[in-house]
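Residue numbers (this note's numbering): 186 to 283.
By construction, the Cβ of each residue, glycine as well, lies at the ideal position given by its N, Cα and C atoms.
Quick caveat, the model's predicted, so the values are computed rather than measured.
Worksheet: one structure, shown below.
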């Protein structure tokens, strides 16, 4: 009930995009599950505490791809990510080190 169909770019425009993103999503989910196991142990819980279906066993997980500039300059149409709150148990942020 919490899912809607994904809208993917045409394979004619971006061949392999969907497959690449689905593989990346699964790998990011694997990393989240590993981190959740470490968090459970740090909380003195069983390592598989978060593996239940209502937790990470069957998660409602989003992968949203954004690119933000480091510093906003609205007069030139450049917007960084303003203050916001992520929801859920864990957010992974990928950076290019810049």
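I want to see whether chain D comes within less than 9 Å of residue i, judged by CB atoms only; does it?
i	result
residue 189	Checking the listed chains, one finds no chain D in this structure; it contains a single protein chain.
My assumption, with CB atoms under 8 Å, is that residue i sits in contact with residue j. Please give the rounded CB distance.
i	j	result
residue 234	residue 225	4 Å
residue 210	residue 240	No, residue 210 and residue 240 are not in contact; Cβ-Cβ is about 18 Å, not under 8 Å.
residue 144	residue 246	As displayed, the chain neither begins before 186 nor continues past 283, which places residue 144 out of reach and without an answer.
Cutting at 7 Å between CB atoms, please list the residues of its own chain near residue i, excluding the five before and the five after it.
i	result
residue 194	202
Please identify the residue among the options whose C-alpha is closest to the C-alpha of residue i.
i	options	result
residue 267	261, 257 and 273	257
residue 253	232, 229 and 281	281
residue 244	205, 269 and 213	213
residue 207	261, 221 and 191	191
Here's a check: name, in chain order, each residue in its chain whose Cβ is nearer than 8 Å to the Cβ of residue i, leaving out the five neighbours to either side.
i	result
residue 251	266
*Residue ranges of each alpha helix (DSSP H) within the stretch 186 to 259, 4 or longer*: 202 to 227
*For the stretch 212 to 219 and the stretch 261 to 277, state whether three or more C-beta atom pairs, one from each stretch, are separated by less than 8 Å.*
yes
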